[in-house]
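Residue numbering for the sequence shown follows the UniProt record's numbering, beginning at 96 and increasing consecutively. For every residue, glycine included, the Cβ atom is placed at its ideal position computed from N, Cα and C. Just so we're clear, the structure is a prediction, and the values are computed from it rather than from any experiment.
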Amino acid sequence: SLSAEIALTSTNKFKQIKHIVLVASGKGGVGKSTSAVNLVYAMAEQGAKVGILDADIYGPSIPSLFGLEDEKPTTKDNKTLQPIIKDGIKMQSIGFLVPAEDATVWRGPMASQALNQLLNETDWGELDYLFVDMPPGTGDIQLTMTQKVPASGAVIITTPQDLALADAQKGIAMFNQVNLPILGLIENMSHYICGHCGGKNHVFGQQGGERLASRHGVPLLAEIPLDIEIRTHSEQGLNIAKQPIKATENYTACSQLIAS
Ligand code: ADP
Numbered sequence: 096s097l098s099a100e101i102a103l104t105s106t107n108k109f110k111q112i113k114h115i116v117l118v119a120s121g122k123g124g125v126g127k128s129t130s131a132v133n134l135v136y137a138m139a140e141q142g143a144k145v146g147i148l149d150a151d152i153y154g155p156s157i158p159s160l161f162g163l164e165d166e167k168p169t170t171k172d173n174k175t176l177q178p179i180i181k182d183g184i185k186m187q188s189i190g191f192l193v194p195a196e197d198a199t200v201w202r203g204p205m206a207s208q209a210l211n212q213l214l215n216e217t218d219w220g221e222l223d224y225l226f227v228d229m230p231p232g233t234g235d236i237q238l239t240m241t242q243k244v245p246a247s248g249a250v251i252i253t254t255p256q257d258l259a260l261a262d263a264q265k266g267i268a269m270f271n272q273v274n275l276p277i278l279g280l281i282e283n284m285s286h287y288i289c290g291h292c293g294g295k296n297h298v299f300g301q302q303g304g305e306r307l308a309s310r311h312g313v314p315l316l317a318e319i320p321l322d323i324e325i326r327t328h329s330e331q332g333l334n335i336a337k338q339p340i341k342a343t344e345n346y347t348a349c350s351q352l353i354a355s
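Encoded structure:
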């Protein structure tokens, strides 16, 4: 089976990593990668040694979110992959290794093998936190990751929209099934503050994240607004350092909750 192809091996490998945190979403496009990167920056700002693994083999966005599309990891002894490092953050992504259009046509076993290599053969060194930007959804790769990686917990990203919430719920069910603690839910694109009148608009619905969180007894870590600057800055690879202050505060609070 596909799962058998993934040999995400021995907890041993990860003994230098204190905590692995999976960042997951049911649906694509809800801001999972953007949130993962901002969480990583917020953690780093507080002095933690952090890394991020882009587990989204079919749609890697870590290279562009850090503005590092042209980087290539070097290898040591022809085996160990060195992570790319920016602002003290170590990262690894299939996007650094093969052109985007190549990986998108890989069959499951190839994708699994690539993910296995990124995770196990990257020389992460000592880390307080390794965040994993999971592929969206609850398929075989996601399930295997949650079973084979000694993660401390998962953070779920959703928008307040019904479709996204329904898929986030499937993610929660998957983590519950493998007994992985859910550290909390982030409601992204929560609302939009009108640039003209300052009014708050609930573009994708209201309080969906809050309801989902309370139904499952998990903390709602933050409600991140829909903000033009979050998009433009993430497209320029600037991230939290230049985010609107509101989002920065939110992600900092999230990272403190995750750390506690
Ligand atoms: P996912 O990882 O869930 O597929 P991304 O993080 O790639 O989603 O985000 C999808 C798009 O939405 C990106 O263009 C990103 O810049 C934008 N985006 C994410 N969060 C916000 C936000 N709070 N406000 C505005 N744009 C956002």
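Euclidean distance between Cα positions of residue i and residue j
| i | j | result |
| --- | --- | --- |
| residue 293 | residue 258 | 28 Å |
| residue 313 | residue 352 | 12 Å |
| residue 112 | residue 213 | 15 Å |
| residue 248 | residue 223 | 14 Å |
| residue 246 | residue 273 | 11 Å |
| residue 244 | residue 165 | 29 Å |
| residue 242 | residue 211 | 13 Å |
| residue 154 | residue 208 | 16 Å |
| residue 322 | residue 116 | 25 Å |
| residue 103 | residue 109 | Confidence at residue 103 is low in this model, with a pLDDT of 48, below 50, so its placement is unreliable and no value can be given for it. |
| residue 204 | residue 275 | 25 Å |
Beta-carbon proximity check, residue i vs residue j, cutoff 7 Å
| i | j | result |
| --- | --- | --- |
| residue 148 | residue 187 | yes |
| residue 125 | residue 228 | no |
| residue 183 | residue 139 | yes |
| residue 300 | residue 231 | no |
| residue 285 | residue 324 | no |
| residue 287 | residue 137 | no |
| residue 189 | residue 152 | yes |
| residue 260 | residue 303 | yes |
| residue 265 | residue 233 | yes |
| residue 134 | residue 350 | yes |
| residue 178 | residue 185 | yes |
Beta-carbon contacts of residue i that lie in its chain and below 7 Å, excluding the five residues immediately before and after
| i | result |
| --- | --- |
| residue 96 | Confidence at residue 96 is low in this model, with a pLDDT of 37, below 50, so the placement of that residue is unreliable and no value is reported for it. |
| residue 176 | 168, 170, 187, 216, 217, 218 |
heavy atom of the ligand ADP below 6 Å from residue i C-beta
| i | result |
| --- | --- |
| residue 284 | yes |
| residue 236 | no |
| residue 322 | yes |
| residue 188 | no |
| residue 126 | yes |
| residue 300 | no |
| residue 162 | no |
| residue 129 | yes |
| residue 156 | yes |
| residue 325 | yes |
| residue 147 | no |
| residue 121 | no |
Short CB-CB distance (under 7 Å) between residue i and chain D
| i | result |
| --- | --- |
| residue 199 | Protein chain content of the structure displayed is limited to a single chain, and chain D is not contained in it. |
Cut-off 6 Å between Cβ atoms - residues of its own chain near residue i, not counting five sequence neighbours on either side
| i | result |
| --- | --- |
| residue 120 | 127, 231, 252 |
| residue 162 | 332 |
| residue 123 | 231 |
| residue 146 | 185, 219, 222, 225 |
Cutoff 8 Å; reference residue i; Cβ partners in own chain excluding five residues on either side
| i | result |
| --- | --- |
| residue 362 | Nothing in the structure corresponds to residue 362, since the chain is present only between 96 and 355. |
| residue 206 | 152, 153, 198, 236 |
Cβ pair count under 8 Å reaching 3, the region 269 to 283 against the region 305 to 324: Pairwise C-beta distances place the region 269 to 283 in contact with the region 305 to 324, as three or more of them are shorter than 8 Å.
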